[in-house]
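Presented below is the structure to which this report refers.
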Amino acid sequence: MNGGASRGPLGSPPLHSSRTRGAVASGSAASRRRRRLHGAARPIAGLVTLVVVSLVVALAVGLFQGRFTETAAVTVISARAGLVMNADAKVKMRGVQVGKVASIGTRPDGTAEIQLAMDPAQLALIPANVRVDVTSSTVFGAKFVQFTPPADPSAQTMRAGQVITGEHVMVEVNTVFEQLSSVLSTIRPEQLNQTLSTLSSAFSGRGDQMGQTISDLNGALAELEAGFDNLRHDLAAAPTVLNAYADSAPDLLTIVDNASDLSRTVVERQHDLDTLLVGVIGFAERADDVLSTNALPLTDVLRLLAPITGLTNQYNEALYCGLAGALPVAKLPPQPTPGALVMASLQWGMDPYRYPSDLPKVAATGGPQCSGLPVLPFETRAPYVVADVGTNPWEYGNRGVELNTAAMKQWLLGQPIDGAPRNSAQVGMPG
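Counting from 1, one number per residue, gives the positions in the sequence shown under our numbering.
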């Protein structure tokens, strides 16, 4: 045995040499696997990075475009949208953005339909009758939708799905140029030159006069402006007044014709009118003499008549009823034969005058009474008014011949009664 490596039987390689080769083989396989994994990790990491970057970019774009923000749709109908009106244009109110333009379309009638994406939190702050204009900050700037609050905002606020009609669209420069071109195409240069030359000659040396004219015009317009409210009211009331005049035109023309006839009559009878006026003047002089002479007696007469006229005025209703009730009698047809028609009947006699119950009293109250006059219903009669002016025919409930004695009356009525009727010899004595 020597100090070299031991060998296996039958001349095979030494044992430690085979183990070494196996270890070397396994190490090389692991190394290859690590190299393969390391080579695949780079593309995967790049792919993941690309996906993450794409997601971040998409999220940023979506946030910028407001795709993750809740909006409320509102439609604006305008005559036109303008040339520089694009989607995502701002919607402002008092300088604050409250939404944006979602899309712009054209309707069959040629008008523009602008779809707005409004901030739901701002709808409660915008009145429903808000004014909508399509405008721009500059002549060449991009257009946006402008909300202008009205002078009298409504109690209702803007709601999702509301349709609003636009009132004004700012004119673009190209429209102005187009209209200017159409105007200039109809103007002849030689005529324009002649007109400008004439204007230049007319205005030359008259600057002070023109300035004074403009200043006077400004003052006149300032004075007229103070009466615009009255003028507006007059114009509003003018149709009613003119219609009234139109309805009254035939009557007015008739009055004018009659006035013409009257004036013609006055001219023809002016001498008679002069005589009448002279007579009136003379009568006035006589009346003045009479009134001035009898001023005090007339004053006394009027003063004495005042209570009478006052009482007559107080009882005018009763007087009217009496006279109106007698009017049908005056209109009755005459009798077929001359003479008087008398209708008489026999009735029980009334109680004679008794003292002191039948003494007249000045104690009537109630004012004037018509008692159903002047027209009484069928089969009715006016009530009998009982007053303290004499005998009351209904005082004891009978109007016939008295068959009961005073004692029986007192016993039946349960109260003392006045004495018997008095005669002329009993004047001033108890009954």
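Beta carbons: idealized from backbone N, C-alpha and C, even for Gly. Remember, it's a predicted structure, so these values are computed and weren't measured experimentally.
In the DSSP assignment, leucine 116 falls within the beta strand (DSSP E) that extends over 112-118. Considered as a whole, the region 193-229 harbours 207-226 as its complete alpha helix (DSSP H) runs of no fewer than 4 residues, in chain order.
Contact between the region 181-197 and the region 95-105 is absent, with fewer than three C-beta pairs closer than 8 Å. Excluding residues up to 5 positions away in sequence, Thr111, Ala112, Ile114, Val134, Gly166 and Val169 lie with their Cβ nearer than 7 Å to the Cβ of serine 78 in the same chain. Going by DSSP, isoleucine 126 is part of no alpha helix (DSSP H) at all; its letter is neither H nor E. Rounded to the nearest angstrom, the Cβ distance from valine 76 to valine 130 is 11 Å, too far for a contact under 8 Å. Comparing C-alpha distances from glycine 372 to each of Ala340, Gly322 and Asn392 shows the shortest one belongs to Gly322. Here alanine 73 is bridged, per DSSP, to Ala117. Per DSSP, glutamine 314 is one residue of the alpha helix (DSSP H) stretching across 295-314.
Here the region 156-163 makes contact with the region 117-127; the two share three or more CB pairs at distances below 8 Å. The criterion of a C-beta distance shorter than 8 Å is not satisfied by threonine 195 and methionine 118.
The C-beta separation of asparagine 86 from alanine 142 comes to about 7 Å, placing the pair in contact by the 8 Å criterion.
In the three-state reduction of the DSSP assignment, valine 375 falls in the coil class.
Taking the Cα positions, isoleucine 255 is about 12 Å away from serine 263.
Membership of serine 103 in the beta strand (DSSP E) is indicated by the continuous run 96-106. Here serine 54 carries a helix assignment [DSSP, helix/strand/coil]. Setting aside the 5 residues that flank it on each side, aspartate 88 is surrounded in the same chain by Lys100, each with a C-beta closer than 6 Å to its C-beta; the list follows chain order. By the C-beta density criterion, phenylalanine 147 is buried, having at least 16 other C-beta atoms within 10 angstroms. Note that the C-beta distance between glutamate 317 and proline 368 is below 8 Å. Taking the C-beta atoms as reference points, leucine 47 is found no nearer than 8 Å to valine 74. Counting every other CB atom within 10 Å of its CB across the protein chains shown gives phenylalanine 144 a total of 16 or more, marking it as buried. Beta-bridge annotation (DSSP): isoleucine 164 is paired with Val76.
Separation of proline 153 and leucine 123 (C-alpha to C-alpha, rounded to the nearest whole angstrom) is 14 Å.
Taking all protein chains in view, the Cβ of glutamine 162 is crowded by 16 or more other Cβ atoms within 10 Å, so the residue is classified as buried.
Beta-bridge partners of serine 185 (DSSP): none assigned. Sequence-distant partners of alanine 220 (beyond 5 residues in either direction) whose C-beta falls short of 6 Å from its own C-beta are missing from its chain.
Excluding the 5 residues flanking it on each side, glutamine 335 has same chain C-beta neighbours closer than 7 Å at Leu341, in chain order. Within 10 angstroms of the beta-carbon of arginine 354 lie 16 or more other beta-carbons, which makes it buried. By the C-beta density criterion, aspartate 358 is buried, having at least 16 other C-beta atoms within 10 angstroms.
Closest option to valine 91, judged by alpha-carbon separation, among Thr240, Ser136 and Val61: Ser136. Using a Cβ distance threshold of 8 Å, valine 389 and proline 356 do not count as a contacting pair. The C-alpha of threonine 275 lies about 17 Å from the C-alpha of arginine 286.
Relative to leucine 376, the option among Leu412, Gly325 and Asn294 whose CA is nearest is Gly325. For the pair valine 280 and leucine 273, the CB atoms are not nearer than the 8 Å cut-off. Cβ contact annotation for proline 150 (same chain, cutoff 8 Å, sequence separation greater than five): Pro127, Asn129, Val130 and Arg131, in chain order.
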